[in-house]
Each structure stands twice: as C-alpha cells, then as structure tokens.
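First the structure, in the form of structure tokens, and then the observations on it.
Number of protein chains: 2
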Amino acid sequence: MPENRNISKIILPEPTLRRLPWYLAYVSLLHTNGVEYVSSTQISKELSVDASQIAKDLSFLNIKGKTRIGYEVATLERELQDFLGFKKGHNAVIIGVGSLGAALIQDSGLSRYGLNIVAGFDINPALVGSSLCEVPIYDISELETRRKQYNAEIGIVTVPVDKAQEVADIMINSGIKALWNFTPFRIRAGEGIVIQNTSIYAHLAVMYNRLNLQKQRSR
Amino acid sequence: MPENRNISKIILPEPTLRRLPWYLAYVSLLHTNGVEYVSSTQISKELSVDASQIAKDLSFLNIKGKTRIGYEVATLERELQDFLGFKKGHNAVIIGVGSLGAALIQDSGLSRYGLNIVAGFDINPALVGSSLCEVPIYDISELETRRKQYNAEIGIVTVPVDKAQEVADIMINSGIKALWNFTPFRIRAGEGIVIQNTSIYAHLAVMYNRLNLQKQRSR
Chain A
1 MPENRNISKI ILPEPTLRRL PWYLAYVSLL HTNGVEYVSS TQISKELSVD ASQIAKDLSF
61 LNIKGKTRIG YEVATLEREL QDFLGFKKGH NAVIIGVGSL GAALIQDSGL SRYGLNIVAG
121 FDINPALVGS SLCEVPIYDI SELETRRKQY NAEIGIVTVP VDKAQEVADI MINSGIKALW
181 NFTPFRIRAG EGIVIQNTSI YAHLAVMYNR LNLQKQRSR
Chain B
1001 MPENRNISKI ILPEPTLRRL PWYLAYVSLL HTNGVEYVSS TQISKELSVD ASQIAKDLSF
1061 LNIKGKTRIG YEVATLEREL QDFLGFKKGH NAVIIGVGSL GAALIQDSGL SRYGLNIVAG
1121 FDINPALVGS SLCEVPIYDI SELETRRKQY NAEIGIVTVP VDKAQEVADI MINSGIKALW
1181 NFTPFRIRAG EGIVIQNTSI YAHLAVMYNR LNLQKQRSR
C-alpha cells in the first residue's frame, strides 16, 4: 500500500463512511479512559457490527492492527479523525437564520467535526447586520461577495421548504460546491455539486412509526 | 381495503417511510401555491423518484388518485401528515442541554412535526432550575418523576458521547420507550425500545468525502 495514499483518491462505500464515525466515537471514549489497545472483536461487541466488517472498514485507513493486541487506540483515533476530514477546517455559510439555522450556528460541536460556519445569510431586516456567536449575518444579496471573501465551499440550507430550491440555485451560482440540506425538500443540482440531505424531521416519522409498532406488539 | 386501517398496524418499509416526508414537503408547497391536483408522474419529475415507486409508496395511505387527474393536493397533504404522525403531539424530554440540546429546544420546527419537548435535563447547576423557550430544565435526578408527570415516551439524547449509554440506561429505566440519539455513540437497549440514530456529524464525514472526490474529478 503506497505511503502517500490520499483520502481524495479513495472511493469509499457510503455505509463504511457512515460507520467510521461510530468507531471514532468509541475509540475516543477508550482514549479518554486511558485504554491503549483495542481489537476489532472488542469494537464489534460494543457496537454490534460484525468484526470482519470492522476490519474491512478500517482497511481503508493507513493503519495496521497487531495480531492478538489489536489497534493502538491513540493512533486509530487520530487516523479516523484525519480520514473523516474532522481535523481539517471546512468553511461554510448558512442560509436561513431561523430557529434551526440559529441553532446550528450556536452548536459548537460542529467545529469539533471540522465545520466552521463563517457567515449567515437571511432576508429578515431584523437579523441582517447583527451577529450570533460572533458569526455575522448578512443580507442574501451579499452572498457571492462574502462567499469569496471567506472562501466557503459548503452551504447549509435551513430556509423554509418553499425557498429551498431557489436558495440552492443562488448558492451554486455563487460558487458553493456542497449543499448541506436540512429541509425535507429534494434539491436538484447539476453534476459536480454535492448534496447531503439531513432531514431530521424525516427521522421523526421513522421513530413515530416504530414506536407505534412496538406498542402494537406489546399489547 | 378496510376503512378502520390504522398506522400502527402497518409494517412499512423504512425507505418508503423516509420518502413520504419528501412527498409531503412537495405537496405542501403545491398546496401553498394553490395547485389542486398532482400526479405521481409530476411528483416523480420534481423529486427524481421513479413514478411507479411513488404510486407504491402512496398505496400505503388511505387515498386514491383519479385517472388522468392524479391526487387531490389538499387531501394528499392531510393524509401524509396524519400517516407520518406529524399531526399528533408526541411528548419528549431532552437530556443534555448543551449547545445541540439547547438548539433543538429552540427549534420551533420540531413542534410542527408533532414533537413537543416538554422538559430538559442536565447536571449543570447553572442550568438546573432555569428554562429555555418556556421549557423547564431539571436535574437529571428528577427524570423519573417528571417523565411520568409529562407522560413523555420519547427521550432525546444530546449528552457528550461518553455519557450516551449511561443516560440511555437511566432514560429506559424511567419508562422512556424511544430514544432519539444525536450522539455518534451506538446506544444498546433491550428489545422493545426504539432507537433512532441521527448523527449529523456522520453526515459531515460523508459530505467532506464526496466534496473531495468531486474536486479530484474536476482536476
């Protein structure tokens, strides 16, 4: 395996990419607790993921476990953070500083995962010109200039659902390369634009449905 | 199809359940714009989901489209909201009123999707006894009593990752039936407890990776 292997050259299966943060969370916990080594069998027991799947997932990383000892916890934690892009700062702007948008600006957890929200945009005159947790709020008309100024590639969409496509188009025209869409609207974008949908409200529907099923079963 | 068909009796495929909120978002938009009818072909074009898949998904609902006209927009919107549980109030408590927890309490969007956060819990003495957007914050020791008082079945987990399992155990012992887990930790729970994982940080990893791939391709 070449030494200069680069994350950007690896086409990673998305399920792997979704599991890696679980491993990171667990490994960070072990690190905090002073544990030095961890095996894939141990991770497997803790996270209910097949041990061979874990070994396969971790094979994408530049790390080798030792026979009978496992992975060095500190190294595995660092490699996972690096690999997942959590240590590199990614500048993002947020469009729509309503309740969810303001909430995300105030969530300091995002910066720990490599996301720096550098500016917010809204159409509400009461918000424009103010700032929230030191993040300035501008009028949407300033998006293109400000995006360049801050060199932001990521745009977070937290506008009302009927404005999602319009705002997405504006963002893409201004040079945004990835949209993190929190609305339940399915944004359309041309080739080369990354769209990450995170509809927390859709998760609510799934949870309500399962809860109803469980009630039904326990009767 | 029986008239008294009940959501709790239907075992719905999860992919369907995740798509239904997309249809709802689009249909609500049409409703706002005064559109009266919509066909699955039209929804298909707008959301890039196969038209036959849409017809299949909507067949779980108590609604019939008319040949050549399609579904009545207002009825479809109402049926989707009902079916997804967004119109019924679900009481929830939130454990961990840090940046993300406080953010969720302040997100008025959740109540529009049927989730009422009735109380918050924390161990921070500076928070206990205060309230946020009229939601009282209690000490975690009061969880069992307060949960019963508010008749909350859903517990939202927004504590640091190393406290996730401990807090989940406390919640389940207090009578919580569903955990909405925002930590990247994989919570374990016994049979009959619903766990909905919403790790927004894991979505960041997926987005960073795709963004890197796109940059690679465009070189």
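If you read the sequences in order, they're chains A and B. Residue 184 in our numbering sits at position 184 of the first sequence, and the numbers go up by one each step. To get our numbering, take the position in the second sequence, counting from 1, and add 1000. Backbone N, C-alpha and C fix where the C-beta goes; we use that ideal spot for every residue, glycine too.
From the DSSP output, in three-state form, read off residue i for me.
i, result
"residue 1001 of chain B", "Per-residue confidence for residue 1001 of chain B stands at a pLDDT of 39, beneath the threshold of 50, marking its modelled position as unreliable; no derived number is given."
"residue 202 of chain A", "helix"
"residue 1121 of chain B", "strand"
"residue 1061 of chain B", "coil"
"residue 142 of chain A", "helix"
"residue 1038 of chain B", "strand"
"residue 72 of chain A", "strand"
"residue 1087 of chain B", "coil"
"residue 131 of chain A", "strand"
"residue 1009 of chain B", "Low confidence applies here, because residue 1009 of chain B scores a pLDDT of 48, under 50, leaving its location unreliable; read the following figure in that light. Three-state DSSP puts residue 1009 of chain B in a helix."
"residue 1212 of chain B", "helix"
Quick check on the DSSP output: the alpha helix (DSSP H) that includes residue i runs from which residue to which?
i, result
"residue 1027 of chain B", "1014 to 1032"
"residue 102 of chain A", "99 to 106"
"residue 1151 of chain B", "No alpha helix (DSSP H) contains residue 1151 of chain B, which DSSP labels as neither H nor E."
"residue 1095 of chain B", "Segment 1090 to 1095 is the beta strand (DSSP E) holding residue 1095 of chain B; no alpha helix (DSSP H) there."
"residue 1219 of chain B", "Residue 1219 of chain B -> no alpha helix (DSSP H), and no H or E assigned at all."
"residue 169 of chain A", "164 to 173"
"residue 1112 of chain B", "1109 to 1112"
Answer yes or no: do residue i and residue j have a C-beta to C-beta separation smaller than 8 Å?
i, j, result
"residue 1070 of chain B", "residue 1042 of chain B", "yes"
"residue 1165 of chain B", "residue 1146 of chain B", "no"
"residue 119 of chain A", "residue 150 of chain A", "yes"
"residue 157 of chain A", "residue 95 of chain A", "yes"
"residue 1072 of chain B", "residue 1031 of chain B", "no"
"residue 1109 of chain B", "residue 100 of chain A", "yes"
"residue 1018 of chain B", "residue 48 of chain A", "no"
"residue 159 of chain A", "residue 184 of chain A", "no"
"residue 59 of chain A", "residue 50 of chain A", "no"
"residue 211 of chain A", "residue 1135 of chain B", "no"
"residue 1086 of chain B", "residue 1129 of chain B", "no"
"residue 143 of chain A", "residue 170 of chain A", "yes"
"residue 92 of chain A", "residue 190 of chain A", "no"
"residue 192 of chain A", "residue 1216 of chain B", "no"
"residue 132 of chain A", "residue 97 of chain A", "yes"
"residue 14 of chain A", "residue 1206 of chain B", "yes"
"residue 1153 of chain B", "residue 1137 of chain B", "no"
"residue 1196 of chain B", "residue 1181 of chain B", "yes"
Could you check where the beta strand (DSSP E) with residue i kicks off and where it finishes?
i, result
"residue 1135 of chain B", "1135 to 1139"
"residue 1155 of chain B", "1154 to 1157"
"residue 1178 of chain B", "1178 to 1181"
"residue 195 of chain A", "194 to 197"
Kindly list, in the order they appear in chain E, the residues whose Cβ is closer than 7 Å to that of residue i.
i, result
"residue 202 of chain A", "The displayed structure is made up of protein chains A and B, and chain E is not among them."
Report yes if the C-beta of residue i is less than 7 Å from at least one heavy atom of the ligand ATP; otherwise report no.
i, result
"residue 1029 of chain B", "The ligand ATP is not part of the structure shown, which contains no ligands of any sort."
On the three-pair Cβ rule with 8 Å, is the segment 103 to 112 of chain A touching the segment 39 to 57 of chain A?
no
Stretch-stretch touch, CB-based, cutoff 8 Å, three pairs: the segment 1202 to 1219 of chain B with the segment 1115 to 1129 of chain B
no
So, does the segment 1019 to 1033 of chain B touch the segment 1078 to 1086 of chain B, judging by three or more C-beta pairs under 8 Å?
yes
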